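With our numbering, letter number 175 in the sequence shown gets 393, and the count goes up by one each step, no holes.
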Amino acid sequence: MKKLLYLPAVIAGLWLSSCSDDIGNYDYKDINEVSVDPNAPGSVEEGKTYELFAYLDHFNFDPQLNSTFGKTDENAYEYEWKVIPVGAIWESVDESKIVIATTRKLTDVVSLSPGTYSAFFNVKDKETGITWTTQFRLQIKSMTEEGWLVLCDNEGKTRLDLICNRNEEEEFASHDILNTYDNDAITDIGDIGRPVKLLFDRYQQSYSRAMLVTDKDTYCFDGDVFKVGEQNSLRWHFGDSNHPVRIKASMNSANAGSNNNLWVIIDDNDEIYTLNNTTQGSMFEFPITKLQGTEPFTPAPFIAANINQQAFSPGKEGQGSNPSVMYDATNRQFVEIKHGSYYPSVMDFSGDKQLFQNPTGRDMVFMAPSRHGPIYAVLRDPSTKETYFYGFMMHGNGKSNADSEGWNVQVCHGKINGPGVENATL
């Protein structure tokens with residue numbers, strides 16, 4: 219453990235050493251030297267790097283002090299835990315957040331943002347005023363990198379658990395991660411309502427949006443941490459903070475650079491809304507649940523889009539120009555929002571490979587995009603209860619953002635056989 223001295227004492231020492239004519243007598247006495255026992259359980263070790271997950275792990279530091287004077291009373295010392303981001307410009311560091319604790323033991327949840335930190339455990343002897351320090355490093359990882367989220371109904375309140383792999387061999391679970399930090403927006407996590415579902419959108423090439431739906435509202439999780447509350451309610455995207463929004467489905471198209479880069483949702487009133495991701499400050503405005511803007515219909519609670527190919531680029535063939543696909547449950551048919559259109563229209567298919575008809579005459583059980591290209595759907599015959607799979611791909615030619623052509627190609631279709639298939643719902 220290193221000793222820190224105040225500058226005036228050092229200057230005084232230098233002045234004394236320069237007085238060569240001073241031949242007086244001086245009294246010297248030993249001071250209490252403090253160090254951390256490196257072998258004690260929970261100790262913090264000089265120069266070591268500790269890897270922890272933000273908002274998942276707890277610090278587990280319980281340093282035991284060695285004292286040359288045998289001072290074991292904790293009240294004889296003052297304690298301080300400091301963290302500073304490695305490579306940070308000092309002017310950009312919030313000094314109020316450098317000190318994370320003033321106790322000997324540090325067992326708080328890790329609430330630091332992902333990154334690498336220089337860390338310091340300081341112990342000040344109250345009698346001498348001398349501070350002794352142990353320096354180490356913290357490598358904070360994001361728990362959103364990989365894992366399983368488990369949404370739980372805990373006696374009518376929402377609880378979110380996480381099962382995560384720390385490495386290839388070690389798997390662990392963290393319970394009730396919504397309550398592992400101080401949320402300024404709500405004092406009781408039960409205030410957000412009873413859990414309904416989790417929704418995930420893969421948007422662009424590397425970004426995904428995760429949302430929590432309860433019986434009271436829908437919340438968009440922050441990017442690095444799973445944090446919900448008033449500040450990230452979906453209703454802010456409607457420009458009306460007094461109107462809760464509960465949604466059944468959500469999907470973002472990946473047409474970067476296109477004026478039809480849409481975020482599409484279906485709410486619990488079976489209304490479809492769109493928001494243009496390429497327009498700064500855009501909001502969900504009016505429902506578009508009408509074919510060609512004239513014929514109302516009820517959508518099945520599923521939305522799909524191409525997510526596997528490179529983002530739409532004018533002048534190239536590839537990502538579908540038409541941003542999203544839904545299913546008209548009223549008329550039992552696939553519908554799409556075409557490039558440059560505000561309202562859905564009946565989906566048509568190109569090419570010689572016509573494997574199924576649209577309208578299909580069947581009810582939708584499930585639909586989702588795949589990383590490998592096709593959009594897959596499962597439909598069930600309302601009279602025979604037989605179940606069928608459908609597969610199609612969206613293609614596009616882009617000459618410019620305003621002038622592009624999209625078309626759809628059927629890739630597979632067939633009956634799903636197996637015991638109990640007629641009862642499958644997901």
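For each residue, glycine too, the CB sits at the ideal point set by N, CA and C. All values reported here derive from a predicted model rather than from experimental measurement.
| Check | Outcome |
| --- | --- |
| Measuring alpha carbon to alpha carbon, tell me which residue in E513, Y268 and W481 is nearest H455. | W481 |
| Roughly how many angstroms separate the alpha carbons of V431 and S601, rounded to a whole number? | 33 Å |
| Expressed to the nearest angstrom, what Euclidean distance is found between the alpha-carbon atoms of P281 and V254? | 6 Å |
| Are the CB atoms of P303 and Y335 nearer to each other than 8 Å? | yes |
| Would you check if the distance between the CB atom of P577 and the CB atom of R550 is smaller than 8 Å? | yes |
| My output table needs one value for S285: the three-state DSSP class, helix, strand or coil. | strand |
| From the DSSP output, in three-state form, read off V262 for me. | coil |
| For L452 versus M469, is the C-beta distance shorter than 8 Å? | no |
| Could you tell me whether the region 565–583 touches the region 491–506, where touching means 3 or more Cβ pairs closer than 8 Å? | no |
| For N641, is the classification buried or exposed, using 16 other Cβ atoms within 10 angstroms of its Cβ as the cut-off for buried? | exposed |
| Between S471 and A523, which are expected to be in contact by the criterion C-beta below 8 Å, what is the C-beta distance as a whole number of angstroms? | 5 Å |
| Would you kindly work out how many angstroms separate the C-alpha atoms of Y246 and F287, rounded to a whole number? | 16 Å |
| If you drop the 5 nearest sequence neighbours on each side, which residues of the same chain put their C-beta closer than 6 Å to that of L417? | M429 and S468 |
| Measure the C-alpha to C-alpha separation of K534 and F390 and round it to an integer number of angstroms. | Residue placement at K534 is flagged as unreliable, the pLDDT there being 45, under the threshold of 50; a coordinate-derived value is accordingly withheld. |
| So, using beta-carbon positions, are Y545 and F574 closer together than 8 Å? | no |
| Output the distance between the C-alpha atoms of A403 and D486, rounded to the nearest integer angstrom. | Its pLDDT being 41, under 50, A403 is placed unreliably in this model, and the value from its coordinates should be taken loosely. When rounded, the distance between both Cα atoms is 24 Å. |
| Can you name, in chain order, every residue of its own chain whose Cβ lies under 7 Å from the Cβ of K344, other than the five neighbours on each side? | A294, Y295 and E296 |
| Terminal residues of the continuous beta strand (DSSP E) containing A391? | E389 to S392 |
| Do G411 and K434 come within 8 Å of each other at the CB atom, strictly closer than that value? | yes |
| From this set, L356, N385 and P413, which residue's C-alpha is nearest E373's C-alpha? | P413 |
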